[in-house]
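Presented below is the structure to which this report refers.
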Amino acid sequence: MSLSIVKSVRPGGVVQIAPRGEIDVDTAYEVREAIAEVLAKARPARIELNMRLVTFIDSVGISAMVAGFQTCEVSGVKLVVTEPSRFVHRQLWVTGLLGLFGAPEPWFADDAPEVLPGA
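Here my numbering is used: the first residue of the sequence shown is 6, the next is one more, and so on.
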């Protein structure tokens, strides 16, 4: 599976980077590049790495996230993980890095608001 990344600006100038797919040895550089690109264009107060649609992450992917965190810290920008998939949450917890990224709760599809017909 490949990786796609969508970047968007949220209220308050927060930049969201939302990868979709697998972050592994073949795609981890894309996460680093997405963070570097945001920092090259602006210095937002915060970058949110929305990991809801990440189905797999290996040690190289986690290393890319840590490198992105360090790059942001040097630039005075806060990098946090939001809505990690259960797999990503588990990997961050096992590696002891969950707190580094803001200790986000895992995202569960069951937590999504129910949309009523005709609403």
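The beta carbon of each residue, even a glycine, is placed where N, CA and C say it ideally should be.
Problem - Span separating the alpha-carbon of histidine 94 from that of glutamate 110 - result: 8 angstroms
Practice task
Please classify proline 24: is it buried, with 16 or more other beta-carbons within 10 angstroms of its beta-carbon, or exposed?
Solution key: buried
Handout entry: Classification of threonine 60 by the beta-carbon crowding that lies within 10 angstroms, buried from 16 upward
Key = exposed
Practice task
Flag this pair as yes or no: are the beta carbons of isoleucine 52 and isoleucine 62 separated by less than 9 angstroms?
Solution key: no
Handout entry: Simplified DSSP assignment, three categories, for phenylalanine 92
Key = helix
Problem - C-alpha distance - lysine 83 paired with arginine 15, whole-angstrom precision - result: 15 angstroms
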